[in-house]
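Contents: one structure, followed by commentary.
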Amino acid sequence: MENKVTTLTIKKMKKEGRKIVALTAYDYTFAYLIDEAGVDLVLVGDS
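In the working numbering, the protein residues as written are 42 to 88.
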């Protein structure tokens with residue numbers, strides 16, 4: 042992870058009209074791959 046995304050970052054992205062990409066990962070492998078792909082937000086959960 043290169044850049045930390047905070048709530049302020051999300052608000053700024055929304056204000057600028059930038060599309061925000063978010064995906065759900067159910068395990069470490071997919072979380073890692075999604076992070077490496079440069080997705081803005083990763084929701085990690087197992088249930």
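Glycine included, C-beta positions come from ideal geometry on N, C-alpha and C.
Does DSSP put Thr48 in a helix, in a strand, or in coil? helix
Inspect the beta-carbon positions of Val83 and Ala66 and report whether they are closer than 9 Å. Yes.
Spatial distance of Met42 from Gly86 (CA atoms): Because the pLDDT at Met42 is just 49, under 50, the model does not fix this residue reliably, and the value given afterwards should be weighed accordingly. Near 18 Å, if we compare the C-alpha coordinates of Gly86 and Met42.
Exposed or buried, Ile112, counting other C-beta atoms within 10 Å across all chains shown (16 or more means buried)? Examination of residue 112 is not possible in this model, given that the chain is present from 42 through 88 alone.
What residue does the beta strand (DSSP E) around Ala63 start on, and which one ends it? 63 to 66
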